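Heads up: the sequence shown at position 170 corresponds to 170 in full-length UniProt numbering, and the numbers run straight through without jumps. Glycine included, C-beta positions come from ideal geometry on N, C-alpha and C. If you're wondering where the values come from, they're calculated on a predicted model, not measured in any experiment. Just below is one structure, and these are the notes that go with it.
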Amino acid sequence: MRRVQVGSDESVQATASDAAAGKLSAASLGYFEDRFLEVLVGAAGAPVPGTAEATTPPVRRLPPIINRGNFARVSCMEKLVLEFIGTSPSHPSSVPHHVRGDGDEHPSHKTDCKESQSSIEEHLARKPQVISLGAGKDSLFFRLMDRGTAASGGYFEVDFPAVSRWKGGLVAKTPILSALANDLYKLVAADLRDITALEDALIIAGVDLAAPTIFLAECVLVYMEPADSGALLQRMGCLLPGLEPYPSLLSQEERFKKSGWDSANAIDMLQVFQELLDPAEVRRASKIEILDEIEEWELIMHHYCLVVAAKGEDTVARLSGNPVLSR
Ligand SMILES: C[S@@+](CC[C@H](N)C(=O)[O-])C[C@H]1O[C@@H](n2cnc3c(N)ncnc32)[C@H](O)[C@@H]1O
């Protein structure tokens, strides 16, 4: 993970390229399929002289330990989103999501997280949506669309205006991306530290405040000051705090619960790799490259975690059916 100078928005934005390049290294070796990363990474290169096109630099191959870590990271995010999309709302066995059952028009007006039966039913009747906070150069939307698995309520990618503009321009001029970017795909330009503006931008983009929603914040809030990520968590019911004040899995869970989430489960990424992911996939990925540094691998994977928090009795009950996430 890139160390960034606090307060330097440009350095933080540059982490989007690091993340995509890391994922591309793993994808190029066959850890997972992704035919979109190359263009997302390559387009960040310098323009080819005399053309408007960007260069496609050779794939930067990263060490096995990083590739395997990216496999775990990409696979668990995809798994959770797929489960969420695939199980709600017409399949009401939804996984982690944020429920707005109070009927308020504006998120900041939310006062009570408990839902009546009718508001639960109304909620489940709505289409599920994905809100990816700090989406950067992530390609998950395109991978899902490629397989015909759309979030029928919309897929909203939030990032700094500079990153959103860049991505919008790239999508518009790149056929393999524009062919998949239908009306469900929205790029939302907003600073996650300005929560009022963020909420307004999401509403303008068409977010349905009453629909089942999964928020993703993949390696994002760690780049924010804890006070800013804390405010986001409180106001939006969102996730993942900055690193320092929440050093343990238990403290991560506590933070969500104290912020009004009905359940929160934090597991480290080693557990994700060993217990949450499909064992056959893990066996396949483990054979791609020899990894000798087992101790280092375990140390690194212990250092990162996945937090899954939920609101609403229905969601909490369903999550408790997942033996890994309900311990
Ligand atoms: C390490 S990258 C991760 C990108 C993506 N989630 C992924 O995993 O590929 C962090 C992203 O968060 C975005 N980000 C960080 N702080 C932000 C803020 N205050 N407002 C909007 N975006 C922010 C950065 O611009 C960058 O795209």
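Between T196 and ligand 3, is the CB less than 7 Å from at least one heavy atom? This structure simply doesn't include ligand 3; it includes ligand 1 instead.
What three-state label does DSSP hand N182 in the structure shown? Here DSSP, grouped into helix, strand and coil, assigns N182 to coil.
So L140 and M77 are in contact, right, with Cβ under 8 Å, and what is the actual spacing, rounded? 7 Å
Run of the alpha helix (DSSP H) containing F256, from where it starts to where it stops: Per DSSP, the continuous alpha helix (DSSP H) segment holding F256 begins and ends at 249-258.
Is Y31 near ligand 1, with its Cβ less than 7 Å from a heavy atom? no
Please classify S152: does DSSP put it in a helix, a strand, or coil? S152: coil per DSSP, three-state reduction.
Between which residues of its own chain and L37 is the CB-CB distance below 7 Å, once the five residues before and five after are set aside? A20, K23, L24, A27, S139
Only counting the same chain, and skipping five residues up and downstream in sequence, which positions put a Cβ closer than 7 Å to that of S251? none
Can the beta-carbon of S164 be found closer than 8 Å to that of L216? no
Confirm, please, whether the CB-CB distance from A16 to K137 is below 8 Å. Yes, the pair counts as a contact, with Cβ atoms nearer than the cut-off.
Residues bridged to A189 [DSSP beta-bridge criterion]: D159
Simplified DSSP assignment, three categories, for T196: Here T196 sits in helix by DSSP.
Is the CB-CB distance between D34 and R193 below 8 Å? Result no, Cβ atoms of D34 and R193 do not sit closer than 8 Å.
Does the structure place the segment 247-265 close enough to the segment 155-174 that three or more beta carbon pairs sit under 8 Å? no
Could you check which residue in V171, A264, L277, S263 has the C-alpha nearest to that of V41? V171
Report the residue from D208, A310, L270, L62 whose alpha carbon sits nearest the alpha carbon of H302. L270
Measuring from the CB of L170, is there a heavy atom of ligand 1 at a distance below 7 Å? No; taking the cut-off as 7 Å, the Cβ of L170 has no heavy atom of ligand 1 nearer than that.
Exposed or buried, what is E218 when buried is set at 16 or more other beta-carbons lying within 10 Å of its beta-carbon? buried
Per-residue burial, I85 [other beta carbons within 10 Å of its own, 16 or more giving buried]: When all chains shown are included, I85 counts as buried.
Can you tell me whether F36 is helix, strand or coil according to DSSP? If DSSP states are grouped into helix, strand and coil, F36 belongs with coil.
Terminal residues of the beta strand (DSSP E) in which D268 lies: 263-268 is the span of the beta strand (DSSP E), which, as asked, contains D268.
Write down every uninterrupted run of the beta strand (DSSP E) in the segment 273-322 whose length is 3 residues or greater and which is fully enclosed by it, in chain order. 305-310
Short of 6 Å in beta carbon distance, which residues of its chain neighbour C238, apart from the five on each side in sequence? Order them along the chain. In this predicted model, C238 has a pLDDT of only 41, less than 50, meaning its place in the structure is not dependable; the value taken from the coordinates is given anyway. Once the five neighbours on either side are set aside, the close Cβ partners of C238 are F215, L232.
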